[in-house]
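So the working numbering is basically just the index in the sequence shown, starting at one, shifted up by 30. Even for Gly, the Cβ is constructed at its ideal location relative to N, Cα and C. Computed from a prediction, not measured in an experiment: that's the story for all the values here.
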Amino acid sequence: MALSTGALVVFALVGVALVLFVTERLPPDITAIGVLVSLAILEPVTSVSASEAIVGFASPAVVTIIGMYVLSGAVEATGVVDWLGSHLAALTHGSERGLLAATLGSTGLSAGFVNNTPVVAVFIPMISGLASDANVSPSKFLMPLSFAAMLGGTLTVVGSSLNLLASDVSARLLDHPIGMFEISALGLLVLGAGLTYLLTVGYRLTPARATPTEGFTAEYDLDRHLSLARVRGESSLAGRTAGELVAEGTLGPDVAVLQVQREREVRVDQGTGEEGPDGETATTTVTETFIAGDDRPIEAGDLLTVRGSLRAINRAAAEYGLQHLPRVQVDDATLEGGDHRGILAEVVLPPDSGLIGETPRTARLLERFDTTVLAIRRGETVTREGLAAESFRAGDTVLLQTTPSAIEHLGEDGDAILTETTIDPIELPRFERPTPVLGWRAAFAVGTLFAVVVLGGFTPLAIPVAALGGVVAVVAGGCLSASEAYDTVSWNVVFLLAGLLPLGIALQRTGGAAAIGDALSGVGAALPPIATIALVYLFASLLAAAITPVATIVLLTPIAIDLAAGLGVSGFAFVLATLFGASAAFLTPIGYQTNLMVYGPGAYRFTDYARVGAPLLALLTVVTTVGITVIYGL
């Protein structure tokens with residue numbers, strides 16, 4: 031079959047998009063919008079008009095996804111997710127396997143109804159803390175947590191944006207949208223098989239990379255990058271603030287002042303123990319410690335805690351009149367001690383963080399949040415120098431010297447997810463209650479979500495309309511304000527979906543999908559249909575691990591439907607194979623956002639995902655293929 035000019039143009043656009051997805055030269059959502067614009071501009075050959083190019087923004091899948099984001103946000107905002115995490119911790123404390131089983135089970139089941147990102151975000155610090163208490167590596171729990179969230183997303187059609195997207199494509203090409211619970215039987219089968227693997231073979235294969243007993247300075251190997259330096263009497267730094275030195279880069283690009291310690295003598299009333307001149311007094315020495323964001327000027331005799339290489343610190347000491355004290359060790363206690371309420375915290379930057387693309391300097395973390403970056407871990411690489419100019423990326427694990435209020439603010443804005451800290455999490459503002467207490471709004475939010483699922487599954491009311499009705503209910507009920515409702519939506523995902531949907535239309539109209547389907551049907555004809563379904567499932571999983579599951583659904587589903595038509599078998603069975611395969615992006619940390627969220631906190635290597643995920647993928651290929659054949663038929 032000869033390819034038309036339009037098909038060749040669309041294939042070229044697909045090729046460019048794939049390169050941009052893999053290299054991340056542009057954010058995926060911007061790449062998708064670029065594809066949309068290109069299809070409309072090239073309408074004479076792509077057969078996609080301008081009005082059709084933007085139809086994705088009104089598609090049932092996109093509208094439902096927006097609604098489910100808000101409903102998930104309402105469930106999280108009313109404390110349900112925190113309550114679940116707190117009770118799981120209390121019920122399973124001290125039992126390693128019990129914690130793993132309870133966490134994976136609750137994560138998998140909840141992911142069938144609510145956005146799995148906040149669930150995983152809550153469980154990461156909980157699991158890290160409990161694992162450290164039990165002297166077990168948190169790495170043993172975090173990757174299985176992410177995989178369970180991915181598996182649970184296939185329980186209902188609203189469990190994942192992928193399900194809704196596949197339903198949209200199936201409705202357009204086969205006139206067969208996926209019903210609310212149409213995939214539940216297969217989803218339960220896959221979830222059961224996956225959890226069994228993760229609790230047995232997968233647990234043994236998951237490496238223990240992160241050491242639970244290490245402090246942050248040891249874990250990030252900061253010993254040679256942290257030092258103390260005393261301000262001499264003739265130092266030119268006297269009279270300036272530490273914040274000014276950091277902001278202006280006075281000590282050089284690789285040296286930053288983290289905190290200042292100052293000793294002073296005071297007279298203390300021996301009767302009251304308070305500072306003052308009254309009564310009998312005695313002279314004593316007190317030490318004040320303040321972080322770099324404090325506006326108190328540096329004085330001669332102050333002890334500075336600085337970050338940088340030994341060479342850079344020695345050079346700065348010689349130039350600015352400092353006495354370098356290389357033999358004095360700086361550890362976690364040094365950085366969080368004193369009266370400045372400073373703490374060390376490890377956070378992960380989610381894909382939609384506002385810090386992505388910024389540097390610590392351009393984000394003005396010190397000026398805005400009294401926060402200094404100590405190290406950035408990206409996969410197996412830890413960056414400790416040149417941090418002021420280092421751009422943040424999605425999935426980065428960042429070690430901060432910060433304050434509880436700053437962590438609270440970054441978390442509320444969705445810029446960072448706390449994974450571990452040097453204080454008990456209940457001392458942070460958002461964890462003021464050891465056990466969250468649920469109010470009537472929590473019950474209302476959960477009830478609204480349940481009502482949406484029931485209305486969408488058992489009544490003629492369309493799922494998008496039910497989801498939007500739920501949005502109105504949770505805002506009117508006070509679970510979220512209108513602005514908070516908008517903030518719960520991951521708009522980058524919405525634009526990614528809406529931007530790529532026209533690409534599937536173009537593949538279909540230009541004959542590109544049919545051409546690939548015809549070519550593959552020749553291969554498929556030599557195999558039993560069940561084997562072809564297995565190959566489609568495997569290919570979808572491999573493609574999703576490289577270019578994102580969303581792009582896989584858009585590109586591969588039309589091809590799979592044409593392949594099924596060429597073989598004379600059920601197109602819907604091949605839609606399900608593509609959907610469940612794209613939902614099984616276990617092989618890389620970039621395949622799914624929860625994989626990226628646990629990448630840094632677990633200190634995993636890139637290949638660890640294939641080590642644990644490849645056997646799981648092999649198992650689920652068999653389970654899913656047999657399940658599709660038995661439950662839905664060919």
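Do residue j and residue i have their beta-carbon atoms positioned less than 8 Å apart in this structure?
i	j	result
E420	I437	no
A233	L281	Note that residue 233 is Tyr in the sequence shown, not Ala. Not a contact, by the Cβ cut-off of 8 Å.
A615	A564	no
A536	V78	yes
L288	V358	no
L650	L617	no
I661	L225	no
A42	L66	no
G182	L221	yes
G159	A497	no
G441	L379	no
E318	A268	no
L430	T389	no
T608	A561	no
V186	F143	Rather than Val, the amino acid found at residue 186 in this sequence is Thr. Yes.
P155	E106	no
A644	D592	no
S200	V605	yes
A196	I577	no
L322	L396	Correcting the residue type first, residue 322 is Ala in the shown sequence and not Leu. Yes, the pair counts as a contact, with Cβ atoms nearer than the cut-off.
V428	V377	yes
D198	P90	yes
Can you have a look at residue i and say buried or exposed, based on whether 16 or more other CB atoms are within 10 angstroms of its CB?
i	result
A612	buried
S520	buried
F246	buried
Q291	buried
F51	buried
R127	exposed
A556	exposed
Q353	exposed
F525	buried
P434	buried
E293	exposed
T392	exposed
R337	buried
F636	exposed
D205	exposed
P558	exposed
A418	buried
T230	exposed
Y340	It should be pointed out that residue 340 corresponds to Leu in this sequence rather than to Tyr. By the neighbour-count rule (16 or more Cβ atoms within 10 Å), L340 is not buried but exposed.
P74	exposed
L38	exposed
L254	Reading off the sequence shown, one finds Arg at residue 254, where the question assumed Leu. Per the 10 Å Cβ criterion, exposed.
F422	buried
A348	exposed
V110	buried
N193	buried
Taking the DSSP output, what are the residues bridged to residue i?
i	result
A633	DSSP lists no partner for A633.
E450	E376
I406	T413 and V428
R337	L256 and A286
H354	A259
T317	E293
P327	T271
Return the Cβ separation of residue i and residue j in integer angstroms, given the expectation that the two are a contact with Cβ distance under 8 Å.
i	j	result
A161	P168	4 Å
S214	M627	Not really, about 26 Å apart at Cβ, beyond 8 Å.
V504	V100	7 Å
T449	P237	Contact doesn't hold; Cβ gap of about 18 Å is too wide.
Q640	R239	For the sequence presented, residue 640 should be read as Ala rather than Gln. Their Cβ separation, rounded to whole angstroms, is 15 Å, which puts A640 and R239 out of contact at 8 Å.
L530	V484	In fact, because the Cβ distance is near 31 Å, the residues do not count as touching under 8 Å.
V482	G500	4 Å
L130	F171	6 Å
P588	L203	6 Å
T491	I95	According to the sequence shown, residue 491 is Leu rather than Thr. Not confirmed; about 17 Å, so no contact.
T108	A472	4 Å
Go through the segment 244-296 residue by residue and report every complete run of the alpha helix (DSSP H) that reaches 4 residues or more, in order.
-> 246-249 and 272-278
Segments of 4+ residues assigned as alpha helix (DSSP H) that fall wholly inside the segment 77-141 | 80-83, 90-107, 110-122 and 126-140
Any alpha helix (DSSP H) of 4 or more consecutive residues that is wholly inside the segment 583-634 | Here the runs fully enclosed are 601-612 and 623-629.
Whole alpha helix (DSSP H) runs in the segment 160-236 with 4 or more residues, listed along the chain?
-> 169-182, 191-204, 214-229 and 231-235
Kindly provide the ranges of any alpha helix (DSSP H) runs that are 4 or more residues long and lie completely inside the segment 511-595, ordered along the chain.
-> 512-518, 521-539, 542-554 and 559-577
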